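Enquirer: Numbered per my numbering, the sequence shown spans residues 185 to 365.
Cβ atoms here follow ideal geometry from the backbone N, Cα and C, with glycine treated the same way.
Note that the structure is a prediction, hence the values are computed from the model and not measured.
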Amino acid sequence: MKEREEFFLNPTIELTSESYEPKSILGIDPSSRWLGVRSCGSNNKPLFVGKQIRTTRGKYQYLRSQTQKKGSYDKFSDKKANKVDYLIHKTTKWLSEYAKQNKLAIVVGDVKEINEESGKGRKFNHRVNTMPTHKLKRYLKYKCKERGVPFLLIDEAYTTQTCSNCGEKVGRPNSKEFKCP
Numbered sequence: 185m186k187e188r189e190e191f192f193l194n195p196t197i198e199l200t201s202e203s204y205e206p207k208s209i210l211g212i213d214p215s216s217r218w219l220g221v222r223s224c225g226s227n228n229k230p231l232f233v234g235k236q237i238r239t240t241r242g243k244y245q246y247l248r249s250q251t252q253k254k255g256s257y258d259k260f261s262d263k264k265a266n267k268v269d270y271l272i273h274k275t276t277k278w279l280s281e282y283a284k285q286n287k288l289a290i291v292v293g294d295v296k297e298i299n300e301e302s303g304k305g306r307k308f309n310h311r312v313n314t315m316p317t318h319k320l321k322r323y324l325k326y327k328c329k330e331r332g333v334p335f336l337l338i339d340e341a342y343t344t345q346t347c348s349n350c351g352e353k354v355g356r357p358n359s360k361e362f363k364c365p
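So, in structure tokens, the structure goes:
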């Protein structure tokens with residue numbers, strides 16, 4: 185590529201790594217509150233990942249509301265994007281390395297329909313529609329490929345009501361934890 189009498193070379197590298205037969209599944213459920221909820225097997229409690237991302241996005245949303253009228257928000261916009269991007273990279277790297285160490289397959293819920301109007305208010309709709317779940321899936325997919333970790337996208341329909349052990353569909357009294365009936 186020639187630009188201003190200088191030449192640049194952009195090589196493409198295809199990485200290959202050994203894949204393995206997974207012992208179990210590491211489920212990641214993107215939501216409006218957390219970037220992802222990690223669940224692994226029946227004995228482990230869920231781990232909520234993405235608190236730093238949520239805090240950072242909230243901080244910059246507040247700054248936006250305070251500075252947008254003055255027209256000085258633009259200097260914060262790139263900072264926010266860079267920090268959120270860094271935190272997503274850090275989170276996905278940790279998840280993919282954890283999966284590789286424990287010989288797990290990563291399964292992520294495909295949340296295409298979540299970005300519709302939910303009727304729960306302007307703030308909730310904003311939080312849902314601006315959550316970087318697509319970026320999480322994209323980064324996780326390439327990091328899993330890089331490390332040889334099996335990666336699957338599944339349809340989200342009824343996954344929060346279906347038991348992962350026995351497959352029975354039941355209602356949940358507590359939205360944070362699910363126990364096999």
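Under a three-way DSSP split, which group does G242 fall into?
Expert: helix
Enquirer: Let me check understanding here. Comparing Cα to Cα, which of V333, K263 and I237 lies closest to K319?
Expert: Closest option to K319, Cα to Cα, is I237.
Enquirer: Assign A283 to one of two classes, buried (16 or more other C-beta atoms within 10 Å of its C-beta) or exposed (fewer than that).
Expert: Buried is the call here.
Enquirer: Tell me the residue span of the alpha helix (DSSP H) that contains L324.
Expert: T317 to R331
Enquirer: In this structure, what does DSSP give as the bridge partners for G305?
Expert: Note: G305 sits in no beta bridge, so no partner.
Enquirer: Have a look at L199 and L337 and give me their C-alpha separation to the nearest angstrom.
Expert: The C-alpha of L199 lies about 21 Å from the C-alpha of L337.
Enquirer: Assuming L279 contacts I212 (C-beta within less than 8 Å), just tell me the rounded distance between them.
Expert: 7 Å
Enquirer: So if DSSP puts A283 in a beta bridge, which residue, or which two residues, is it bridged to?
Expert: Its beta-bridge partners do not exist; DSSP assigns none.
Enquirer: So, at 8 Å on beta carbons, what are the nonlocal neighbours of G332 in its own chain, with the 5 sequence-adjacent residues on each side left out?
Expert: S201, E202, S203, Y204 and K284
Enquirer: Looking at the unbroken beta strand (DSSP E) that takes in N197, where does it start and where does it end?
Expert: The identity of residue 197 in the sequence shown is Ile, whereas the question assumes Asn. Note, I197: premise wrong, no beta strand (DSSP E); not H, not E.
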